[in-house]
Amino acid sequence: MNWFLNMLRTSIGKKLLMALTGLFFSIFLVIHLLGNLTLYGGKDLFLSYVDHLHALGPLIHVAEIGLLTFAAIHVSTGLFLFLQNLQARPIRYTVDKRGGGRTIGSATMPYTGVLIIIFVAIHLSNFHFIDHSRQTVFQAIDATFHMVPYIFFYIAAVIIVAIHVSHGFWSLFQTLGANHPKYMPAIKGIGFIFSLLVAVGFGFIPVYVSFIM
Amino acid sequence: MISKTINLTLKVWRQNRGEKKGRLETYSAKNISVDMSFLEMLDVVNEELTKNKKETIAFDHDCREGICGMCGAVVNGRPHGHEKETTLCQLHMRHFSDGDIIVIEPWRARAFPLIKDLVVDRSALDNIIQAGGFISVNAGGAPDANALPISKEIAEAAFNAAACIGCGACVAACPNASAMLFVSAKVSQFALLPQGRPEAARRARTMVRMMDQCGFGNCSNETECEAECPKGISISNIARLNREFLKAEFS
């Protein structure tokens, strides 16, 4: 066990933690998106998805505890890395230009990360920590998405998630050592499409619920 | 033949030995031939400073043909300047225009303490090499051709990694001041070849730990290093370092 903790303390060990938890969140995003797509099939289809999901019983709690643990690891490691990286350059450049490597996603990872935590907290308070005996999840969605400012907030939030994913997805493969001239272009392409799907797939839901449904 | 000349305004980082704080000072570089290299332009400015009995601008340099890794400064926010795969000594003044204002700063990283003006102490990179960037056995004379079969692809990949001149531009370019590209190149040039394999695991572990100890930042795959490296070292070497390190730790 000692060697394991020792390994996690190195810079590559911390990278590994970020990559593995990030991979877990990417998988979660796919499942969450697939589930939410049932909203486009109408109220009944969505509520039957919710029922089926809740029928999993204890598995849901395992998944929730897993998500919470991984979130704690991802956030605390990320914060630690952010502070350590700031310290690594005590005097900044007067003129600092990019050489073409940095992207919007890579340059904003810590900041989009913080915004995502805030969004997740609000998101859970809207749809998870509500009195489920008084209203269905669908009613909560319907009510929330009829508030126009919230629609803008939600769309902005999923775009921020997409920006975070646009760097995170290919980056986790690089960290795991999966960089091969044959496959890296495909991984980067999938990452781009994935982040686009996240933005459009989630982002269109409030528009659909409040204006089309 | 008289070549075209340009006039420039330089804003150069000046900081004396032992001084806690430095500052940008403005100098004019007049009648600079466009055929000069960036370092020759600095030589001209220094000659002028000497004539006026002023302290010359200190900068590192040695071979001046782009292969030793001694020179380097951040020019207008870009390590070794804006030309791709070019060291500062090979950056020619024809890439600048008359009247340009050029800001020249040293490599900025906690692991590279400033010595004077544009000169920084890059001993941290030597420490990383000393931690494992070598082969312990005496390899003897040149082996017979084809006695040790190595495919062309592998030989090329090892050679491309070995092209690293250890100038530290990757650290200077990295938003986190990480030395991962340097370490990955040094680990890769050995890990790819049979002579380097026996010590590959130990090498990856000790070099990464020394890198952390020296106070470099952490790699977050910004890929600025690859974009600025004067030798075009690829970040696929960083992926290889990650593989080598994790393989070594888990076995």
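Protein chains in written order, with my numbering: chain A, 65 to 277; chain E, 1494 to 1744.
Note that CB positions come from ideal geometry on N, CA and C, so glycine has one too.
For residue i, three-class secondary structure by DSSP
{"i": "residue 1525 (chain E)", "result": "strand"}
{"i": "residue 1530 (chain E)", "result": "strand"}
{"i": "residue 113 (chain A)", "result": "helix"}
{"i": "residue 1578 (chain E)", "result": "coil"}
{"i": "residue 1557 (chain E)", "result": "coil"}
{"i": "residue 159 (chain A)", "result": "coil"}
{"i": "residue 1728 (chain E)", "result": "coil"}
{"i": "residue 1571 (chain E)", "result": "strand"}
{"i": "residue 1447 (chain E)", "result": "It is not possible to answer for residue 1447 (chain E), since the shown part of chain E is limited to 1494 through 1744."}
{"i": "residue 1548 (chain E)", "result": "coil"}
{"i": "residue 178 (chain A)", "result": "helix"}
{"i": "residue 211 (chain A)", "result": "coil"}
{"i": "residue 154 (chain A)", "result": "coil"}
{"i": "residue 249 (chain A)", "result": "helix"}
{"i": "residue 148 (chain A)", "result": "helix"}
{"i": "residue 239 (chain A)", "result": "helix"}
{"i": "residue 199 (chain A)", "result": "coil"}
{"i": "residue 1591 (chain E)", "result": "coil"}
{"i": "residue 224 (chain A)", "result": "helix"}
{"i": "residue 1687 (chain E)", "result": "helix"}
{"i": "residue 1657 (chain E)", "result": "coil"}
{"i": "residue 70 (chain A)", "result": "helix"}
{"i": "residue 142 (chain A)", "result": "helix"}
{"i": "residue 75 (chain A)", "result": "helix"}
{"i": "residue 1698 (chain E)", "result": "helix"}
{"i": "residue 1710 (chain E)", "result": "coil"}
Nearest residue (CA-CA) to residue i, options the options
{"i": "residue 170 (chain A)", "options": "A:115, A:234, A:216 and A:240", "result": "A:234"}
{"i": "residue 1539 (chain E)", "options": "E:1608, E:1737, E:1561 and E:1550", "result": "E:1550"}
{"i": "residue 277 (chain A)", "options": "A:242, A:219 and A:210", "result": "A:210"}
{"i": "residue 1523 (chain E)", "options": "E:1623, E:1732 and E:1534", "result": "E:1534"}
{"i": "residue 1529 (chain E)", "options": "E:1496, E:1607 and E:1741", "result": "E:1496"}
{"i": "residue 179 (chain A)", "options": "A:145, A:223 and A:213", "result": "A:223"}
{"i": "residue 130 (chain A)", "options": "A:221, A:88, A:140 and A:159", "result": "A:88"}
{"i": "residue 1632 (chain E)", "options": "E:1686, E:1547 and E:1624", "result": "E:1686"}
{"i": "residue 1720 (chain E)", "options": "A:105, A:92, A:135 and A:162", "result": "A:162"}
{"i": "residue 1519 (chain E)", "options": "E:1642, E:1596 and E:1662", "result": "E:1596"}
{"i": "residue 1556 (chain E)", "options": "E:1532, E:1512, E:1545 and E:1587", "result": "E:1532"}
{"i": "residue 77 (chain A)", "options": "A:138, A:133 and A:122", "result": "A:138"}
{"i": "residue 160 (chain A)", "options": "E:1506, E:1618, E:1662 and E:1570", "result": "E:1570"}
{"i": "residue 273 (chain A)", "options": "A:132, A:107, A:65 and A:263", "result": "A:107"}
{"i": "residue 83 (chain A)", "options": "A:255, A:247, A:248 and A:238", "result": "A:238"}
{"i": "residue 92 (chain A)", "options": "A:275, A:262 and A:268", "result": "A:262"}
{"i": "residue 1625 (chain E)", "options": "E:1681, E:1744 and E:1499", "result": "E:1681"}
{"i": "residue 1617 (chain E)", "options": "E:1660, E:1553 and E:1733", "result": "E:1660"}
{"i": "residue 1525 (chain E)", "options": "E:1740, E:1500 and E:1692", "result": "E:1500"}
{"i": "residue 165 (chain A)", "options": "E:1537, E:1541, E:1713 and E:1566", "result": "E:1713"}
{"i": "residue 258 (chain A)", "options": "A:86, A:72, A:90 and A:80", "result": "A:90"}
Environment of residue i [buried if 16+ CB atoms lie within 10 Å]
{"i": "residue 1745 (chain E)", "result": "Chain E is shown from 1494 up to 1744; residue 1745 (chain E) falls before or after that span and cannot be answered."}
{"i": "residue 1750 (chain E)", "result": "In the structure as shown, chain E begins at 1494 and stops at 1744. Residue 1750 (chain E) is therefore absent and cannot be evaluated."}
{"i": "residue 244 (chain A)", "result": "exposed"}
{"i": "residue 147 (chain A)", "result": "exposed"}
{"i": "residue 1600 (chain E)", "result": "buried"}
{"i": "residue 1634 (chain E)", "result": "exposed"}
{"i": "residue 1657 (chain E)", "result": "buried"}
{"i": "residue 126 (chain A)", "result": "exposed"}
{"i": "residue 1543 (chain E)", "result": "exposed"}
{"i": "residue 208 (chain A)", "result": "buried"}
{"i": "residue 1558 (chain E)", "result": "exposed"}
{"i": "residue 1700 (chain E)", "result": "buried"}
{"i": "residue 1568 (chain E)", "result": "buried"}
{"i": "residue 70 (chain A)", "result": "exposed"}
{"i": "residue 68 (chain A)", "result": "exposed"}
{"i": "residue 1716 (chain E)", "result": "buried"}
{"i": "residue 198 (chain A)", "result": "exposed"}
{"i": "residue 154 (chain A)", "result": "exposed"}
{"i": "residue 181 (chain A)", "result": "exposed"}
{"i": "residue 1732 (chain E)", "result": "buried"}
{"i": "residue 151 (chain A)", "result": "exposed"}
{"i": "residue 173 (chain A)", "result": "buried"}
Residues that residue i bridges to, as DSSP identifies them
{"i": "residue 1613 (chain E)", "result": "E:1607"}
{"i": "residue 1719 (chain E)", "result": "Paired residue(s): none; residue 1719 (chain E) is not in a bridge."}
{"i": "residue 1501 (chain E)", "result": "E:1522"}
{"i": "residue 1516 (chain E)", "result": "E:1507"}
{"i": "residue 1585 (chain E)", "result": "E:1530"}
Rounded Cβ spacing between residue i and residue j (contact assumed at less than 8 Å)
{"i": "residue 215 (chain A)", "j": "residue 270 (chain A)", "result": "4 Å"}
{"i": "residue 1718 (chain E)", "j": "residue 1667 (chain E)", "result": "5 Å"}
{"i": "residue 1688 (chain E)", "j": "residue 1628 (chain E)", "result": "6 Å"}
{"i": "residue 1609 (chain E)", "j": "residue 1509 (chain E)", "result": "6 Å"}
{"i": "residue 1604 (chain E)", "j": "residue 1675 (chain E)", "result": "No, residue 1604 (chain E) and residue 1675 (chain E) are not in contact; Cβ-Cβ is about 11 Å, not under 8 Å."}
{"i": "residue 168 (chain A)", "j": "residue 251 (chain A)", "result": "At roughly 19 Å, the Cβ-Cβ gap does not stay under 8 Å, so residue 168 (chain A) and residue 251 (chain A) are not in contact."}
{"i": "residue 81 (chain A)", "j": "residue 176 (chain A)", "result": "Residue 81 (chain A) to residue 176 (chain A), Cβ: 18 Å. No contact."}
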